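Numbering (the working numbering), first residue to last: 79 to 277. The next block holds one structure in the form of structure tokens; read it before the comments.
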């Protein structure tokens, strides 16, 4: 089957693309703005784009819960404070993460609704999720508008990993980390690791 763009709407092709580019890592972003109320929301249009310097990109779309400038709470907070935290999602926290994707009024913190603990970060104003296995404090580098989405690029300034997940030689114990990924509208475990045989 061949689908050329003029034959289908962006929405139809997007459904196929989201089902094809998998699994997608999830940036569980904690942020805080002028109100002082911490926000927590997951985004699966996310990845690391450079390791020198270490930079991440997260694509944040426009949705139902937006401010006067059309920004979601997460983006508005990042613009206000200039920083944020990317918390990575382990399987044991998937229900908490999914619940944090619910749209709440601005005066309600997702930390409160999910029962998670906001803990002070080392170098940024945004709190991190205490229960997260890995959290990465980021400073905003730039925001670029692209269609209906804003591309948020941030630089890593502080990396947190639970002691029992950190291994010698700067490796990660994946069995204890137990990350999940996004598969279209569903989620998947990332547990079956392998290395290709030499050809």
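The beta carbon of each residue, even a glycine, is placed where N, CA and C say it ideally should be. These numbers come from a predicted model, not from an experiment.
- Counting only the Cα atoms, residue 132 lies some 7 Å from residue 126.
- Ranked by Cα distance from residue 138, the first of 121, 128 and 109 is 121.
- In the structure shown, the three-state DSSP call for residue 224 is strand.
- Inclusion of residue 207 and residue 239 in the CB contact set at 9 Å is not warranted, their separation being larger than that value.
- If you draw a straight line from the Cα of residue 118 to the Cα of residue 85, it is about 38 Å long.
- For residue 174, same chain residues with a beta-carbon under 8 Å away, outside a window of 5 residues either side, are 192, 193, 194 and 209 in chain order.
- The beta carbon of residue 100 sits closer than 8 Å to those of 259, 260, 261, 262 and 266, all from its chain and outside the five residues before and after it, given in chain order.
- Relative to residue 162, the option among 91, 102, 97 and 196 whose CA is nearest is 196.
- In this structure, residue 158 and residue 232 do not form a Cβ contact; the two beta carbons are roughly 14 Å apart against a cut-off of 8 Å.
- Comparing C-alpha distances from residue 166 to each of 216, 257, 274 and 272 shows the shortest one belongs to 257.
- In the assembly as shown, residue 272 is an exposed residue. Its beta-carbon has fewer than 16 other beta-carbons within 10 Å.
- By the criterion of at least three beta-carbon pairs nearer than 8 Å, the region 219-230 is in contact with the region 147-157.
- Close CB contacts of residue 140 within its chain, under the 6 Å cut and outside five residues either way in sequence, are with 148 and 226 (chain order).
- Close CB contacts of residue 185 within its chain, under the 7 Å cut and outside five residues either way in sequence, are with 115 (chain order).
- At least 9 Å separates the beta-carbon of residue 134 from that of residue 104.
- Pairing residue 229 with residue 136, the inter-Cα distance amounts to about 6 Å.
- Around the beta-carbon of residue 152, 16 or more other beta-carbon atoms lie within 10 Å, marking it buried.
- Classified as exposed, residue 94 has fewer than 16 neighbouring CB atoms from the shown chains inside 10 Å of its CB.
- Here residue 179 has 119 and 120 as same chain residues with Cβ atoms under 7 Å from its own Cβ, once five neighbours each way along the sequence are excluded.
- In the three-state DSSP reduction, residue 156 falls in the helix class (H, G or I).
- Cβ neighbours of residue 168 within its own chain (closer than 8 Å, five residues either side excluded): 210, 211, 255, 256, 257 and 258.
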